[in-house]
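2 protein chains.
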Amino acid sequence: MNSQAIKAAPKRKTREEILGLSADLFARHGYDGVSMRDVAAAVGLTQAALYYHFSDKDQLYLDAVAYDFREKDDALKDMLASNSTPWVRLERFVAGLAQMMVTDRDFLRLLHWVLLDSDEVRQSTLAKDVFGGMFVAVYDLAHELDPNRDAHLLAMSIFGLVIFHFQAGAIRKFMPGYSPSQDNPEVLARHICDLLRWSLTSPSGDAH
Amino acid sequence: MNSQAIKAAPKRKTREEILGLSADLFARHGYDGVSMRDVAAAVGLTQAALYYHFSDKDQLYLDAVAYDFREKDDALKDMLASNSTPWVRLERFVAGLAQMMVTDRDFLRLLHWVLLDSDEVRQSTLAKDVFGGMFVAVYDLAHELDPNRDAHLLAMSIFGLVIFHFQAGAIRKFMPGYSPSQDNPEVLARHICDLLRWSLTSPSGDAH
DNA sequence: GTCTATATAAGGATAGAC
DNA sequence: GTCTATCCTTATATAGAC
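Protein chains in written order, with our numbering: chain F, 1 to 208; chain D, 209 to 416.
So this is what it looks like as structure tokens:
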């Protein structure tokens with residue numbers, strides 16, 4: 001009925017189960033905050049078994065992050081790929097990204113840890129594997145929105161506007177002007193798109 | 209001749225030395241990534257001595273972060289306080305914040321860890337002690353820039369535009385359109401202020 | 001593939017001398 | 001105020017049985 005029939009890929013599942021569960025843990029507590037014991041307990045194995053699947057903790061971490069981001073990356077790229085106008089695609093992407101931040105808290109958390117990682121090799125690997133495709137899509141969109149601006153900076157700004165809002169989510173609540181409605185992805189998306197739109201479509205902006 | 213000679217403020221220095229040095233360590237490696245042994249070694253004391261000054265690791269961390277941010281908070285508020293026009297103050301603040309991100313890498317790192325902290329109590333404490341004043345200043349500025357927008361969201365966006373750029377600094381280098389000049393605080397500040405300015409001053413922005 | 005058992009290091013924290 | 005010495009827990013990783 002299904003692919004590998006009964007016998008061909010018998011235990012490949014364990015590896016993916018480890019990846020999924022450890023990604024959750026790393027998202028919540030970071031590399032140093034998660035022990036191999038924690039992972040083993042979550043999966044329902046002993047510590048030693050993990051070393052059958054992964055050479056060491058570093059490798060497990062790297063694979064887990066890549067595993068977790070892959071699917072989100074695909075979803076986000078889908079939001080950008082269509083033949084609507086650039087502004088419609090932007091609106092959909094921003095709302096979709098914001099929604100994703102709300103729906104899956106771990107997405108933001110894991111992203112956070114990745115950005116924070118001080119290991120250069122891990123970062124370059126993840127940058128390409130995980131963010132490369134998504135960034136390029138937004139980068140192209142940025143160029144469409146305003147060919148006269150630095151598309152790289154503009155793309156970064158788009159990400160920053162959405163992501164930072166949620167990064168600061170926990171402390172935002174203690175700041176003046178806070179309203180729970182701001183946690184609504186639609187409200188945020190509206191704010192951001194307005195901010196960009198009345199900027200980028202600016203008619204006769206003069207010298208600068 | 210040295211130390212104890214004066215008598216007035218004999219050993220208060222040690223505590224501050226611990227705070228300064230441990231702040232560096234926490235900035236670089238986070239709470240879990242720093243051991244009391246690490247701190248002790250950096251300061252030149254033994255582990256046990258730390259427990260004379262701080263009840264436990266949590267308290268040391270909390271005090272160290274607050275200690276480190278206090279001075280930056282003051283500097284940033286100064287940039288916002290003047291009687292120039294709002295746009296001039298914005299430009300100065302953005303450039304100043306960006307410069308600070310470049311000059312003191314630990315500032316960003318520590319901020320990062322604070323945002324990530326999963327401990328609610330620690331977060332509310334730090335939110336008020338550390339960011340409260342700075343946020344209010346930007347919040348007020350945001351209201352001046354455009355009284356018709358949600359000042360809270362706008363203030364957050366201003367922070368996000370600057371901060372995220374540097375958060376993503378390490379992976380940005382692997383993305384298309386990257387240029388070293390974008391690491392220049394002046395260039396970034398120009399980009400951000402343009403983005404906001406041609407937006408917020410938008411003349412006849414119609415319905416939305 | 002997964003287990004038990006264990007080696008070995010590093011972690012937070014305390015007691016008591018000075 | 002700081003030290004030495006130590007306790008106890010937790011950590012990564014391996015060896016070898018099943």
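The C-beta atom is built at its ideal place from N, Cα and C for all residues, glycine as well.
Residue contact with chain D for residue 96 of chain F: absent (no Cβ-Cβ distance below 7 angstroms to any residue of chain D). By the neighbour-count criterion, in which a residue is buried when 16 or more other Cβ atoms sit within 10 angstroms of its Cβ, residue 347 of chain D is buried.
Counting only the Cα atoms, residue 46 of chain F lies some 5 angstroms from residue 40 of chain F. Taking a C-beta distance under 7 angstroms as the contact criterion, residue 400 of chain D and residue 369 of chain D qualify as a contact pair. Not a single CB atom of chain D sits nearer than 7 angstroms to the CB of residue 133 of chain F.
Ranked by Cα distance from residue 277 of chain D, the options D:250, D:355, D:232, D:325 are led by D:232. Runs of the alpha helix (DSSP H) lying entirely within the region 310-342 of chain D and spanning at least 4 residues, in chain order: 313-324, 328-334. Taking a Cβ-Cβ cut-off of 7 angstroms, residue 72 of chain F has no neighbours in chain D, whose nearest Cβ is about 16 angstroms from it.
From the beta-carbon of residue 360 of chain D, the residues of chain F found nearer than 9 angstroms are 172, 175, 176, 177, 178, 179, 182. Against chain F, a Cβ distance below 9 angstroms from residue 344 of chain D picks out 175, 176. Taking the CA atoms as reference points, residue 111 of chain F sits about 16 angstroms from residue 170 of chain F. A residue is called buried when at least 16 other Cβ atoms come within 10 angstroms of its Cβ; residue 365 of chain D meets this threshold and is buried.
Here DSSP, grouped into helix, strand and coil, assigns residue 367 of chain D to helix.
The C-alpha of residue 359 of chain D lies about 5 angstroms from the C-alpha of residue 351 of chain D. The region 222-232 of chain D and the region 251-265 of chain D touch, with three or more beta-carbon pairs separated by less than 8 angstroms. Listed in chain order, the non-local C-beta contacts of residue 63 of chain F below 8 angstroms within the same chain comprise 19, 54, local neighbours out to five positions each way being set aside.
It is roughly 20 angstroms from the alpha-carbon of residue 95 of chain F to the alpha-carbon of residue 146 of chain F.
Of the residues F:65, F:188, F:31, F:130, the one whose Cα lies closest to the Cα of residue 76 of chain F is F:130.
Taken through DSSP and simplified to helix, strand or coil, residue 305 of chain D comes out as helix.
Per DSSP, residue 36 of chain F is one residue of the alpha helix (DSSP H) stretching across 36-43.
For the pair residue 42 of chain F and residue 109 of chain F, the CB atoms are not nearer than the 7 angstroms cut-off.
Between the alpha carbons of residue 33 of chain F and residue 101 of chain F lies a gap of roughly 22 angstroms. Residue nearest to residue 30 of chain F within the set F:71, F:92, F:83, F:106 is F:106 (criterion: CA-CA distance). Annotation: Cβ neighbours of residue 367 of chain D in chain F (cutoff 9 angstroms, chain order): 164, 168.
For residue 124 of chain F, a Cβ of chain D is located within less than 7 angstroms of the residue's own Cβ. Residue state for residue 56 of chain F is assigned as coil, using DSSP reduced to three classes. The beta-carbon separation of residue 22 of chain F and residue 60 of chain F, rounded to 6 angstroms, stays under the 8 angstroms limit for a contact. At least one C-beta of chain F is nearer than 7 angstroms to the C-beta of residue 335 of chain D. Taken atom to atom, the span from the alpha-carbon of residue 123 of chain F to that of residue 182 of chain F is near 32 angstroms. The Cβ atoms of residue 185 of chain F and residue 98 of chain F lie closer than 7 angstroms to each other. Within chain D, not a single residue places a beta-carbon under 7 angstroms from that of residue 79 of chain F; the smallest gap is close to 19 angstroms. With respect to the 7 angstroms criterion, residue 136 of chain F and residue 126 of chain F are not classified as neighbours on the basis of their beta carbons. Straight-line spacing of the CA atoms in residue 82 of chain F and residue 74 of chain F works out to 14 angstroms. Within the region 151-198 of chain F, the complete alpha helix (DSSP H) segments at least 4 residues long are 151-167, 169-172, listed from N- to C-terminus.
The residues 31, 123, 126, in chain order, have a CB closer than 8 angstroms to that of residue 117 of chain F in the same chain once the five nearest residues on each side in sequence are set aside. Counting only residues of its own chain and dropping the five nearest sequence neighbours on each side, residue 79 of chain F has a CB closer than 7 angstroms to the CB of 92, 93, 96.
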